[in-house]
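Working notes, beginning with the structure itself.
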Amino acid sequence: MENASDWSGMQTGLVQATSDGGTTTNHVYKVGIYGWRKRCLYMFILLLMVMVIINLALLVWIIKVMDFSVNGMGKLRIVNKGIRVEGEAEFISSLYATTLESRKEMPLKIESAQNLTLNARNRDGQIVNRLFLGDHKIESMAGRFVIKDQHGKVLFAADNDQVEVAADSLKVTGNGGAVFGGSIQTPLVMAEPGHQLRLESPTRSLEIEAPHGIALESMAGDIAATCLTDLKLESATGSITLQSEVIVMKNLPEVDTSYKTQPVDSVFQLCACSNGRLFLAPPSGHCREIGRAHV
Numbered sequence: 041m042e043n044a045s046d047w048s049g050m051q052t053g054l055v056q057a058t059s060d061g062g063t064t065t066n067h068v069y070k071v072g073i074y075g076w077r078k079r080c081l082y083m084f085i086l087l088l089m090v091m092v093i094i095n096l097a098l099l100v101w102i103i104k105v106m107d108f109s110v111n112g113m114g115k116l117r118i119v120n121k122g123i124r125v126e127g128e129a130e131f132i133s134s135l136y137a138t139t140l141e142s143r144k145e146m147p148l149k150i151e152s153a154q155n156l157t158l159n160a161r162n163r164d165g166q167i168v169n170r171l172f173l174g175d176h177k178i179e180s181m182a183g184r185f186v187i188k189d190q191h192g193k194v195l196f197a198a199d200n201d202q203v204e205v206a207a208d209s210l211k212v213t214g215n216g217g218a219v220f221g222g223s224i225q226t227p228l229v230m231a232e233p234g235h236q237l238r239l240e241s242p243t244r245s246l247e248i249e250a251p252h253g254i255a256l257e258s259m260a261g262d263i264a265a266t267c268l269t270d271l272k273l274e275s276a277t278g279s280i281t282l283q284s285e286v287i288v289m290k291n292l293p294e295v296d297t298s299y300k301t302q303p304v305d306s307v308f309q310l311c312a313c314s315n316g317r318l319f320l321a322p323p324s325g326h327c328r329e330i331g332r333a334h335v
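This is the structure:
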C-alpha cells in the first residue's frame, strides 16, 4: 500500500464545466517516475557518474604517462618536415619513409634482432634494389653497385658486364693472394716495398699480353721465370735483347762432333757480335755471319 503523500503533485485530470454550473472529471492519470523505478534510476545515474569519473581519471593518467601534447607523444614530435623521435624507437612491423636521418652531430643506429632488409621500389611497386643484412652475410640486389668517396669519385662499380675498381691502387693483403677465374686487365701489377710479386697458374697456362709493350722490372731484386717443360721467348718482327754485365747460361749440353755417327746437321755454334747480336754458325770453323742469320 503506497501512501497518499507519494501521489501528491503526481495526479492530474481533465475538468469540464456542465450546464448547471457543476464540473465533471473525465480522465485521471499519473505523471513521473515513482517508487522502486525512481530508486533504480538514481542508482543508474550514480553508477554512470562513477564510470565517467573513472574514465576521466584513466584518460588523464594515460595522457600523463604517454606525455601527449599538441606537439606529439612522448619522444615522438610532429614537426613541419615529418616526425622526429628523440631517443630509441622500436618498430614491430614494416617502416615506410622517404627520408630517415639523425639529428645534427648525432649518430643514426639501426638495429634488428634477426636481420635487416632495405627495399627500394619503382612506380609500379616492384623491388628494384635490396640490401639484406643477415647472419654472417650481406647481400645486395641491384642493377649496378657503386661505391663512391666523399668527393663523389667512383671507387668500385659492378654490374652484369664488368667489375670496375677505380681507386688509385688495389691492395690484396691476404696470404693466399688474389685468385682470378678469368682474365684481368690492368696497366700495372706491383708488390709492396719489401715483398715479392709472384704470378702463378698452378694447373693451366699464364699469358701476359699487351698491344704496345710488356716491361718486367725489379728495382732491388731478381726476376725468376720457372716452368716444367719449355720456356719460349719469341718476337715476331723485332728482336730480343738481354742487357747485363754478365749473361750466364748454365747446364748447356756439350756435343762431341768427332764421332761420325753423330748427326751434325742440327748442331751449331752460338756466336755473338760486338753489338750483342747472337747468331748460329756451323759447328766447325770460325764464327762468321752468313746472310744475317741470327738468333
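Plus 40 on top of the position in the sequence shown (first one is 1) and you've got our numbering.
Every residue, glycine too, gets a C-beta built ideally from N, C-alpha and C.
query	result
Touching or not, the segment 124-134 and the segment 98-116, by the rule of three or more beta carbon pairs under 8 Å?	yes
In the DSSP output, which residue or residues are listed as bridge partners for residue 311?	319
Check whether the segment 171-180 and the segment 153-163 are in contact - that is, three or more C-beta pairs closer than 8 Å.	yes
Could you give the first and the last residue of the continuous alpha helix (DSSP H) run that contains residue 161?	Residue 161 -> not in any alpha helix (DSSP H); beta strand (DSSP E) instead, spanning 156-161.
Quick check on the DSSP output: the alpha helix (DSSP H) that includes residue 95 runs from which residue to which?	76-106
Between residue 107 and the rest of its own chain, which residues show a CB-CB distance below 6 Å, the 5 nearest in sequence each way excluded?	114
Kindly give me the distance between the Cβ atoms of residue 206 and residue 198, rounded to whole angstroms, as I take these residues to be in contact under 8 Å.	Actually they do not touch by this definition, with Cβ atoms about 11 Å apart.
Residue 234 lies in the beta strand (DSSP E); which residues open and close that run?	Run containing residue 234: none; DSSP gives neither H nor E here.
Can you tell me whether DSSP reads residue 181 as helix, strand or coil?	strand
Short check: CB of residue 292 to CB of residue 308, under 7 Å?	no
Between which two residues does the beta strand (DSSP E) carrying residue 168 extend?	167-174
To the nearest angstrom, how far is it from the Cα of residue 74 to the Cα of residue 87?	19 Å
Could you tell me the distance, in whole angstroms, from the CA atom of residue 282 to the CA atom of residue 316?	8 Å
Please name the residue in 201, 253, 287 whose C-alpha comes closest to that of residue 279.	253
Compute the beta-carbon to beta-carbon distance between residue 239 and residue 246, rounded to the nearest angstrom, for a pair I have assumed lies under 8 Å.	6 Å
Please name the residue in 260, 242, 163, 261 whose C-alpha comes closest to that of residue 267.	242
Please report the distance separating the alpha-carbon of residue 100 from that of residue 120.	27 Å
Could you give the distance in angstroms between the alpha-carbon of residue 221 and the alpha-carbon of residue 203?	13 Å
Residue 195 and residue 189 - do their beta-carbons sit closer together than 7 Å?	yes
Which stretch, first to last residue, makes up the beta strand (DSSP E) that contains residue 122?	122-125
Whole angstroms is fine: what's the gap from residue 176's alpha carbon to residue 269's?	45 Å
Do residue 142 and residue 135 come within 7 Å of each other at the CB atom, strictly closer than that value?	no
Whole angstroms is fine: what's the gap from residue 43's alpha carbon to residue 82's?	Unreliable positioning characterises residue 43 in this predicted model, as indicated by a pLDDT of 47, which lies under 50. The coordinate reading is nonetheless provided below. For residue 43 and residue 82, the distance between alpha carbons rounds to 21 Å.
For residue 223, tell me which candidate among 215, 244, 258, 235 has the shortest Cα-Cα distance.	244
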